[in-house]
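Peer 1: Counting in my numbering, the sequence shown runs from 163 upward without gaps. Cβ atoms here follow ideal geometry from the backbone N, Cα and C, with glycine treated the same way. So that we are looking at the same thing, I have put the structure below in structure tokens.
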Amino acid sequence: MSRKVKITKAGIVAYHEQGYLILRGAFTKKRVKSLVDAVNRLIDRALAGEVAINWINREQRLPARISNLLHPDKFDPAYGAWLDEDLASQIETLCGGPARHSLFGMLAGGGGQPYLQGWHRDIGKPGAPDEVAFLHHHHGRFVQFNASLMPGDRFLNIVPASHLRASTPEEIEASAAKEKAQMPGAMVVEMEPGDIAYYNANLWHRGWNPEGRLRWTMHSAFWKVEYAVMKHEHGQREAMLTPGHLDRMPPVTRQFIQRYLDAYPAGEPKSLLEL
Numbered sequence: 163m164s165r166k167v168k169i170t171k172a173g174i175v176a177y178h179e180q181g182y183l184i185l186r187g188a189f190t191k192k193r194v195k196s197l198v199d200a201v202n203r204l205i206d207r208a209l210a211g212e213v214a215i216n217w218i219n220r221e222q223r224l225p226a227r228i229s230n231l232l233h234p235d236k237f238d239p240a241y242g243a244w245l246d247e248d249l250a251s252q253i254e255t256l257c258g259g260p261a262r263h264s265l266f267g268m269l270a271g272g273g274g275q276p277y278l279q280g281w282h283r284d285i286g287k288p289g290a291p292d293e294v295a296f297l298h299h300h301h302g303r304f305v306q307f308n309a310s311l312m313p314g315d316r317f318l319n320i321v322p323a324s325h326l327r328a329s330t331p332e333e334i335e336a337s338a339a340k341e342k343a344q345m346p347g348a349m350v351v352e353m354e355p356g357d358i359a360y361y362n363a364n365l366w367h368r369g370w371n372p373e374g375r376l377r378w379t380m381h382s383a384f385w386k387v388e389y390a391v392m393k394h395e396h397g398q399r400e401a402m403l404t405p406g407h408l409d410r411m412p413p414v415t416r417q418f419i420q421r422y423l424d425a426y427p428a429g430e431p432k433s434l435l436e437l
């Protein structure tokens, strides 16, 4: 089922310079089917009242965004197999070394329900005097990805090569304008099932699905092991320590989770803006 797609040196350079890297046909049709089947099993369990998820339309089997797919109530072996056999080497190549779990879930849309996200940097400081220094400080130490499970994935918009420079007045203005924004240099990331887009979350980007088209997009983030668990990813420890849960996971996925647990702070977690 694994395709073992490796990221080339040219791909690494492109990722760091442009802030994103799209791998076409990175996963086999069998792999994509295994993930779709896993989501459908979760939907079946949610409809039976065995697990709670949010809905766009329950009767039409349309889930809203699903977080924490590696937690014991939502975990499926298909996710672990994907991480172990396909994703791990790509993630650690782009992180520049051993990585730990941060977030693992699925973005979802459909049923004609619009989704209009404003332009933003996930952890940036647009307009701050130390913006560029801050962006460079965290560069190369984390990676985020979107991987399409449904055809016609056109919902991620980015501004290439915006991840390491100061925000322009036009970009800050577009961020404030939200759904009415006109963002200079914007690009639509187009994907089909089996494609994956790795990107720096400090690119100017947004999720954009004004027509409410069907969307199932796996969405995850990983950090280098030396980063303590931060405020935005805090709160997963208790679930991950559920007796027997880690034993269900294949070895690399288990290692990603164990590193998260090892990096869990004893006191109040810091935000990225405090690091």
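Could you check which residue in Gly-314, Thr-415, Gln-252, Glu-436 has the C-alpha nearest to that of His-394?
Peer 2: The option with the nearest alpha carbon to His-394 is Glu-436.
Peer 1: Assuming Ile-285 and Leu-434 are in contact, meaning their beta carbons sit under 8 Å apart, how far apart are those beta carbons, in whole angstroms?
Peer 2: Contact holds; Cβ gap of about 4 Å.
Peer 1: Taking C-beta to C-beta, are Met-349 and Ile-320 nearer than 7 Å?
Peer 2: A contact, by the Cβ cut-off of 7 Å.
Peer 1: For a test of the three-state rule: what should DSSP assign to Trp-366, helix, strand or coil?
Peer 2: Trp-366: coil per DSSP, three-state reduction.
Peer 1: Whole-angstrom Cβ separation of Ala-359 and Phe-317, contact assumed at under 8 Å?
Peer 2: In fact, because the Cβ distance is near 11 Å, the residues do not count as touching under 8 Å.
Peer 1: Could you tell me whether the region 262 to 269 touches the region 378 to 396, where touching means 3 or more Cβ pairs closer than 8 Å?
Peer 2: Touching, yes, given that three or more Cβ pairs across the two stretches are closer than 8 Å.
Peer 1: So, for Tyr-177: in the same chain, excluding its five sequence neighbours on each side, which residues have a beta-carbon less than 7 Å away from its beta-carbon?
Peer 2: Result list for Tyr-177: Leu-183, Leu-256, Tyr-360, in chain order.
Peer 1: Which residues bound the alpha helix (DSSP H) around Phe-237?
Peer 2: First-last for Phe-237: undefined, no H or E at that position.
Peer 1: Considering only the alpha carbon of each residue, which of Gly-258, Val-351, Glu-400 lies closest to Ile-174?
Peer 2: Checked all of Gly-258, Val-351, Glu-400; the closest Cα to Ile-174 is Gly-258.
Peer 1: Nearest to Pro-431 by alpha carbon, out of Leu-403, Pro-413, Arg-399?
Peer 2: Out of Leu-403, Pro-413, Arg-399, Arg-399 has the C-alpha closest to the C-alpha of Pro-431.
Peer 1: Starting from Leu-269, trace the beta strand (DSSP E) in both directions and tell me its first and last residue.
Peer 2: Segment 261 to 271, the beta strand (DSSP E) holding Leu-269.
Peer 1: Below 7 Å between beta carbons: does that hold for Leu-278 and Glu-341?
Peer 2: Yes, Cβ-Cβ distance for Leu-278 and Glu-341 is below 7 Å.
Peer 1: Under the three-state reduction of DSSP, which class applies to His-396: helix, strand or coil?
Peer 2: Here His-396 sits in coil by DSSP.
Peer 1: Roughly how many whole angstroms lie between the Cα atoms of Pro-405 and Arg-416?
Peer 2: Looking at the two C-alpha atoms, the distance is approximately 14 Å.
Peer 1: Given a cut-off of 7 Å, decide if Ser-324 and Leu-297 are closer than it, judged by their beta-carbon atoms.
Peer 2: Contact: no.
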